[in-house]
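What follows is a single structure, written as structure tokens, with notes after it.
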Amino acid sequence: MANFNQVSSCLIKVDGKVIAQSAAGPSGGADTGYLDTVTVDKRLDCPDAFEFELNMRVEARIILLDDMREGKPVEILMGPPGSEVLVFKGEIHYIEPHFRHGGSSSLLVGGYDKTHRLTRGTSSRTWGDGVQQGDLSTSAMQDVFTKSGGGIGKILDGLQAPPAPKTKVQTKYVPQLNVPDYQFLRSVQFRELDPSKQPVKVLVREARMSQDQTQVHEARFSLSTVRQVTRVEVVGWDPQRKEAIVGECSASDYSYGGTPGWKATGKALYGSESEGKVLRIVDRPVESKAEADAVAKEIFNQLSMDFITGEVDFLGDPNVNAGDVVELKDFGERFSGKYQVMAVTHSYRTRGEGFRTRIKIARNDVGKV
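Below, the structure written as structure tokens:
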């Protein structure tokens with residue numbers, strides 16, 4: 001059973017040195033005395049972000065302000081004292097001091113992980129000659145990271161390309177049309193989810209006598225049929241054969257053990273699980289049926305994950321990350337079950353709730369129709 005009196009600790013390192021530390025709980029712990037709040041935000045679709053606020057005036061002296069420099073490396077660790085886990089690694093991007101004549105003067109520092117550098121500026125380039133087919137998406141992804149890893153000026157960012165996608169569609173031409181590298185990478189490689197993972201955490205509505213379950217402080221769910229379709233079609237044109245290219249998808253790769261949302265929607269609105277609206281995409285250039293099928297599947301997967309979404313708050317756990325799977329129990333037959341973690345926020349408050357974790361979750365099916 002989760003222990004709500006558990007001591008939690010937070011350490012902040014800037015340029016390799018611990019500049020602030022606090023332990024919250026009944027037995028206290030090491031505390032520099034000026035750390036106020038810390039927030040780490042991690043999502044599947046954007047760079048990780050952090051923000052911390054501290055009291056920069058101690059006994060009429062200004063502290064730490066001149067040590068906070070843009071671009072300095074930051075590490076944030078959270079967890080039980082002595083067993084803190086790294087939850088963020090990145091660099092400083094903004095510094096906001098707030099001076100007050102009366103009361104405390106605060107310093108807000110924030111930033112992102114180094115993939116944020118890929119969001120800056122725009123680029124235009126192409127891969128392929130338009131004749132020979134190849135795995136150009138993987139080549140493009142590797143080239144973008146290689147160029148970024150080389151750095152600008154004398155600074156290296158150390159970014160490395162992630163593993164190549166499972167599905168390698170052969171194409172003749174891949175363009176990057178005046179968009180940031182980060183946006184381009186998202187267009188050529190959608191991050192795959194893995195519902196088959198074992199849950200990293202079991203969350204229950206009421207605490208039980210079990211060491212592997214955590215009581216939920218608050219949970220909010222939303223079931224919506226609005227974006228559910230029975231089929232996605234991607235239509236293109238083959239200029240050599242002078243014929244249409246049609247790719248389609250009518251089922252998601254992801255399964256969480258319930259009735260799929262598109263089937264539940266078809267039965268509820270149209271009287272049959274196999275009935276429903278068709279989404280036809282005509283503005284995505286494709287070169288082959290295999291590529292059209294892959295694009296259709298990507299779109300269908302994304303739409304299906306909008307069926308059930310939610311937010312869950314619980315005692316802080318630094319080991320929960322975006323992309324993980326969690327299991328919820330005692331929330332009724334329809335909303336209990338496994339969920340994919342789409343985003344996680346770790347927060348720490350020295351004068352309040354201590355260490356808390358909030359996750360945004362999603363799945364594409366319902367437990368009982």
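FYI, the working numbering numbers position 57 of the sequence shown as 57, with every residue one higher than the one before it.
Note that beta-carbon positions come from the ideal geometry of N, C-alpha and C, so glycine has one too.
Only a predicted model underlies this, so the values are computations on that prediction, with no experimental measurement involved.
>> For C10 and E311, what's the separation of their Cα atoms in angstroms?
In response: 23 Å
>> In the DSSP assignment, the beta strand (DSSP E) including S106 goes from what residue to what residue?
In response: 106-112
> Using CA coordinates, which residue listed in Y256, I281, G111, D45 is at the minimum distance from V229?
Replying inline: I281
> What are the start and end residues of each continuous beta strand (DSSP E) run of 3 or more residues lying completely inside the stretch 60-118, in chain order?
Replying inline: 73-79, 85-98, 106-112
>> Buried or exposed for Y373, going by 16 or more other Cβ atoms inside 10 Å?
In response: In the structure displayed, the chain extends from 1 to 369; residue 373 sits before or after that span and is not available.
> So the alpha helix (DSSP H) F335 belongs to, where does it begin and stop?
Replying inline: 332-335
> Is N321 helix, strand or coil when you go by DSSP?
Replying inline: coil
>> Check for me: the beta strand (DSSP E) holding K360 runs from which residue to which?
In response: 354-363
>> Using 8 Å for Cβ pairs, my map puts G261 next to F331. What's the rounded Cβ distance?
In response: G261 to F331, Cβ: 17 Å. No contact.
>> Just to confirm my understanding: we take G29, look at its own chain, exclude 5 residues before and 5 after, and list those with CB closer than 7 Å. What are they?
In response: Residue confidence for G29 is low, a pLDDT of 49 falling below 50, so the modelled location carries little weight and cannot support an answer.
>> With a threshold of 6 Å on Cβ separation, who are the neighbours of V14 within its own chain once the five nearest residues in sequence on each side are excluded?
In response: K72, V74
>> Considering only the alpha carbon of each residue, which of D36, G90, L86 lies closest to N321?
In response: Looking from the CA of N321, the closest CA among D36, G90, L86 belongs to L86.
>> Using a 10 Å radius around the Cβ and a threshold of 16 neighbouring Cβ atoms, would you call H98 buried or exposed?
In response: exposed
> Within 10 angstroms of its Cβ, does E70 collect 16 or more other Cβ (buried), or is it exposed?
Replying inline: exposed
>> Between which two residues does the beta strand (DSSP E) holding F314 run?
In response: 308-315
>> Under DSSP, the alpha helix (DSSP H) around V188 begins and ends at which residues?
In response: Looking at the DSSP string, the run of the alpha helix (DSSP H) that includes V188 is 181-188.
>> On the criterion of 16 or more Cβ atoms from any shown chain inside 10 Å, does G236 qualify as buried, or is it exposed?
In response: buried
> Could you give the distance in angstroms between the alpha-carbon of R43 and the alpha-carbon of K242?
Replying inline: 43 Å
>> Based on DSSP bridge pairs, tell me the residues matched to K297.
In response: Paired residues: none, contrary to the question.
> Going by Cα to Cα distance, which pick from M56, Q170, Y254, V200 is closest to P318?
Replying inline: Residue V200 is the option with its Cα nearest to P318.
> By Cβ distance, which residues of its chain are closer than 6 Å to V179, with the 5 residues on each side in sequence left out?
Replying inline: T122
>> Our contact map puts L177 next to K114 with C-beta atoms below 8 Å; I'd like the distance itself, whole angstroms only.
In response: About 25 Å separates the two Cβ atoms, so there is no contact after all.
> Does the beta-carbon of V316 have 16 or more other beta-carbons within 10 angstroms, so that it is buried, or is it exposed?
Replying inline: Checking the displayed sequence, the identity of residue 316 turns out to be Gly instead of Val. So G316 counts as buried.
> Is the stretch 53-70 touching the stretch 123-133, taking contact as three or more C-beta pairs under 8 Å?
Replying inline: no
> Among R363, T146, D36, C249, which one has its Cα closest to the Cα of S224?
Replying inline: R363
> Can you name, in chain order, every residue of its own chain whose Cβ lies under 6 Å from the Cβ of G247, other than the five neighbours on each side?
Replying inline: V234, K289, A292, D293, A296
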